[in-house]
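Participant: Here it is, the structure, as structure tokens.
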Amino acid sequence: MSAKPSLRPELRRDPVMGRWVIVSPARAKRPSEFKSKSPSPGPTLPYSDTCPFCSGNEHLCAPEIFRVPPEPGEGWKVRVIENLYPALDRNCKSDGEGGGEDGAVLPGFGFHDVVIETPVHSVNLSGMSGSEIGAVIGAWTRRVLDISSSHEIKYVQVFKNHGASAGASLSHSHSQIIALPVVPSDVAARIHSMKENFGRTGRCCLCNHPDKELVVSESAHFISYVPFAATHPFEIWIVPRDHSPHFHELDNDKAADLGSLLKLMLRKLAVQLNDPPFNFMIQTSPLQNTASLSPYCHWFLQIIPQLTIVGGFEVATGCYINPVFSEDAAKVLRDVDILNF
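Below you can see the structure in the form of structure tokens.
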């Protein structure tokens with residue numbers, strides 16, 4: 001454990017997200033004792049005849065956008081398809097004018113895709129090899145790059161829900177991509193906070209590497225750590241070492257490197273926390289005004305295990321209460337030995 005003087009709470013400000021977090025360890029057990037009360041039961045059979053994402057059931061899916069490898073006669077490893085129940089309509093073209101009072105309504109144009117990460121029903125992302133996860137990441141970057149050619153799209157969100165309580169409606173391993181004609185308010189707040197920090201310090205806040213006691217692991221191109229002002233217990237960020245504003249500019253070598261480090265982080269969380277439900281998100285930059293955003297915007301991958309319940313205070317204020325000091329969570333995760341699991 002890191003040497004904390006007491007169990008007194010602290011208020012910590014996150015310069016990336018621009019928000020305050022209350023760290024209140026007196027409200028919880030010791031960090032090493034955190035376990036998920038609702039582990040994500042993975043499928044046990046390699047194939048399900050009712051699962052639309054299994055190989056052989058492609059006819060049950062919405063239209064395919066592309067697959068990897070691309071040849072239709074070969075067995076696929078990754079498929080990108082339209083979402084059968086999309087949040088936005090790719091055929092609902094915007095005229096660029098907002099309706100309603102003060103232009104507060106736009107047509108629901110956008111893209112909502114699903115990335116099927118494996119043809120095998122019983123394999124989760126953490127059970128895949130680093131190179132296989134790299135292929136999934138490559139599919140994300142390719143699709144975001146395709147979508148970015150639409151001048152109406154302002155922001156593209158890549159995310160994954162693992163476990164029913166984290167929002168996953170199907171157990172077959174998959175992730176999603178939603179592209180919007182607006183920049184969401186939380187994204188705008190993050191960009192504003194990073195710009196403000198840059199104006200004050202003259203440096204990108206994610207180019208400043210964290211203290212060693214926050215680091216979980218490192219690779220050639222990325223560093224994984226628990227952020228100083230983590231909003232959730234055992235939250236992990238994976239950050240490119242080199243300054244980069246846009247995730248979709250990732251090349252194949254770095255995608256493979258990220259795949260290996262992401263696998264390691266997911267395995268550590270699964271072993272230490274009893275395979276918790278989780279969400280992870282690619283926190284990238286808006287597609288517009290690239291030149292002006294470039295000096296201070298830096299993309300990263302954020303993993304949030306679902307171990308606590310967000311209550312009324314968090315919803316009302318946007319200020320989260322985290323029962324685990326980031327330094328303690330990082331040490332617990334560093335010490336997890338996954339070789340025997």
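For the sequence shown, the UniProt record's numbering gives the first residue as 1, with consecutive numbering after it. By construction, the Cβ of each residue, glycine as well, lies at the ideal position given by its N, Cα and C atoms.
#1: To the nearest angstrom, how far is it from the Cα of Ala26 to the Cα of Val271?
#2: DSSP on Phe278, reduced to helix/strand/coil?
#3: Please tell me whether Asn83 and Val114 are closer than 7 Å, where the distance is taken between their beta carbons.
#4: Helix, strand or coil for Lys160, going by three-state DSSP, please let me know.
#5: Any beta carbon from chain B within less than 7 Å of Ala26's own beta carbon?
#6: Near Glu314, what residues of its chain come up, given a Cβ to Cβ distance below 8 Å and the 5 sequence neighbours on each side ignored?
#7: Does the distance from the CB of Pro119 to the CB of Lys154 come in under 7 Å?
#8: Taking Gln281 as the reference, give the member of Ala166, Phe53, Glu10, Pro72 with the closest Cα.
#9: Output yes or no for whether 7 Å exceeds the beta carbon distance between Ala135 and Lys77.
#10: Helix, strand or coil for Ser165? Go by DSSP, reduced to three states.
#11: Since Pro276 and Leu307 are thought to touch, with beta carbons under 8 Å apart, how far apart are those beta carbons, to the nearest angstrom?
#12: Could you check the C-alpha separation between Asp14 and Ser55 for me, to the nearest Å?
#13: Along the chain, where does the beta strand (DSSP E) containing Asp113 start, and where does it finish?
#14: Where does Leu84 sit, in a helix, a strand or coil, going by DSSP?
#15: Grouping DSSP H, G and I as helix and E and B as strand, with all else coil, what is Tyr322?
#16: Could you tell me which uninterrupted beta strand (DSSP E) segments, each at least 3 residues in length, are contained entirely in the stretch 161–224, listed from first to last along the chain?
#17: Excluding the five sequence neighbours on either side, which residues of its own chain have a C-beta within less than 6 Å of the C-beta of residue 366, listed in chain order?
#18: Counting C-beta neighbours from all protein chains within 10 Å, is the total for Ile22 16 or more, i.e. buried, or is it exposed?
#19: With distances taken between CB atoms, is the gap from Val216 to Arg143 smaller than 7 Å?
#20: Between the stretch 210–230 and the stretch 186–201, do three or more beta carbon pairs fall short of 8 Å?
#21: Taking the DSSP output, what are the residues bridged to Val78?
#22: Can you check which of these residues, Ala256, Tyr225, Lys254, is closest to Ile303 by C-alpha distance?
#23: Suppose contacts are defined by Cβ-Cβ distances below 7 Å. Is Ser24 in contact with Val332 by that definition?
#24: Using CA atoms only, rank isn't needed, just tell me which of Gln157, Gly110, Arg8 is closest to Thr284.
#25: Skipping 5 residues on each side, what residues in its chain have a beta carbon closer than 6 Å to that of Arg67?
#26: Can you tell me whether Arg200 is buried or exposed, with buried defined as 16 or more other CB within 10 angstroms of its CB?
#27: Is it the case that the Cβ atoms of His172 and Cys204 are separated by a distance below 7 Å?
#28: Going by DSSP, what residues sit across from Glu152 in a beta bridge?
#29: Spatial neighbours of Val310 within its chain, please: CB distance less than 8 Å, with the 5 preceding and 5 following residues excluded, ordered by chain position.
#30: Just verifying my parser: in three-state terms, what is the DSSP assignment at Phe313?
#31: Please name the residue in Pro240, Asp337, Ala230 whose C-alpha comes closest to that of Gly18.
#32: To the nearest angstrom, report how far apart Glu132 and Ala104 are at their CA atoms.
#33: Return the CA-CA distance between Ala291 and Glu10, expressed in angstroms with no decimal places.
#34: Assuming Gly163 and Phe278 make a contact with CB atoms under 8 Å, what is their CB distance in whole Å?
#35: What is the rounded straight-line gap between the Cα of Met65 and the Cα of Leu145?
#36: Out of Pro107, Val123, Asp89, state which residue places its alpha-carbon closest to the alpha-carbon of Ile178.
Facilitator: Quick answer:
#1: 25 Å
#2: strand
#3: yes
#4: strand
#5: Any reference to chain B falls outside this structure, which holds one protein chain only.
#6: Tyr320, Ile321
#7: no
#8: Note that residue 281 corresponds to Met in the displayed sequence, not to Gln. Minimum Cα distance to Met281 is reached at Ala166.
#9: yes
#10: helix
#11: 6 Å
#12: 43 Å
#13: 111–116
#14: coil
#15: According to the sequence provided, residue 322 is Asn. The question's Tyr does not apply to it. Reduced to three states, the DSSP call for Asn322 is strand.
#16: 174–180, 215–218
#17: Only positions 1 to 341 of the chain appear in this structure, which leaves residue 366 out of reach.
#18: buried
#19: no
#20: no
#21: Val68
#22: Tyr225
#23: no
#24: Gln157
#25: Trp76, Arg79
#26: exposed
#27: no
#28: Answer by DSSP bridge pairing: none, since Glu152 is not bridged.
#29: Tyr320
#30: helix
#31: Ala230
#32: 43 Å
#33: 37 Å
#34: 7 Å
#35: It is worth fixing the name first, because residue 65 is Ile in this sequence and not Met. Approximately 13 Å, taken between the alpha carbons.
#36: Asp89
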